[in-house]
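Please read the structure below before turning to the comments.
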Amino acid sequence: MKKGKGGDTAPDGGRNPYKGGGKKKAALKASAPVQQDDPRLLVPGLVLVKDFISKEEEEQLIQARPETADSAVEEREWDLDLKRKVQQYGYRFEHNAQNLRGGYLGPLPDFAQQVTARLVSTGLMPYEPDQMIINHYTPGQGIHPHVDKTHCFEGVVGSLGLGSSCIMEFKHIETGRRVDVFFERRTALMLTGEARYGWTHGISAVVSDTWKGVQFKRKNRISLTWRKVILPPAKSDGEPRPQPTNDDSAHIDEQQATA
């Protein structure tokens, strides 16, 4: 973990308010991940809300019904620049540069408005999210362990899995402690506090997961992630707000591109 003049920082260069003071602890050797029915007890700040949406809502988010005029995830254009298919709304996050220089794309999609409003009204998101990324994973695809860029996004990140369940792997940045979380489809998973800043999270590139001794084959999975961007303050002379720029010291390997 980097340490600079301004205090302790997260691995990507952003401020980490959940780093403890005093002498730095020695990192532990990698150990077998812990699987527990309630992983929130092991990853402080992790919030899981099972069945946050219904099966019907899940189906409508993935593919709109023919009799409705609403669009859905699978009817939108996918970005194929990464190994997995991606859609972005609100602000574009540039995975290679690890910044928001892609600029403003427009409002969040209509098909996600109801779920977005529910995240805010239930208090899971303490503010209105203005950035959304949708990842499409086929069996055998995953995402490298990472921390969502702390110089780009605020302190709460929310995700919702559609179509298939998977195991999300958490690793404590300082101790190396590993915790597996069964990320069940239709569950809202919120990263707050220590879970947001003190742990990496990722998904292994496998075709099946084993949870409590039971093997689950993966299906096509769509992940919706909501965030709020950190924007520079508007200029007092009325000039347009500048787009966020990247702190070169915050650059990490592009394989750790955020979810």
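Residue numbers (the UniProt record's numbering): 1 to 259.
We put the beta carbon where it would ideally sit given N, CA and C, even for glycine.
- Going by DSSP, Ser121 is part of no beta strand (DSSP E) but of the alpha helix (DSSP H) stretching over 113 to 121.
- Assigned with DSSP and collapsed to three states, Gly90 falls in strand.
- Ranking Phe183, Lys219, Gly198 by CA distance to the CA of Val156 puts Gly198 first.
- Secondary structure at Gln60: helix, using DSSP grouped into helix, strand and coil.
- Judged by DSSP secondary structure, Gly193 falls within the alpha helix (DSSP H) whose first and last residues are 193 to 197.
- Apart from sequence neighbours up to five positions away, the residues of its chain that approach Ser165 with a beta-carbon distance below 6 Å are Glu184, Arg185, ordered along the chain.
- Listed in chain order, the non-local C-beta contacts of Gln131 below 6 Å within the same chain comprise Gly90, Tyr91, Arg227, Val229, local neighbours out to five positions each way being set aside.
- Take the alpha-carbon of Thr225 and the one of Gly158: they are about 6 Å apart.
- The beta carbon of Pro44 is closer than 7 Å to those of Gly193, Glu194, Ala195 in its chain, skipping five residues each way along the sequence.
- In the structure shown, Asp81 adopts coil according to DSSP, grouped into three states.
- Closest in alpha carbon position to Pro139, among Phe216, Leu160, Leu105, is Phe216.
- When Ile173, Gln141, Gly163 are compared, the shortest CA-CA separation from Val206 is found for Gln141.
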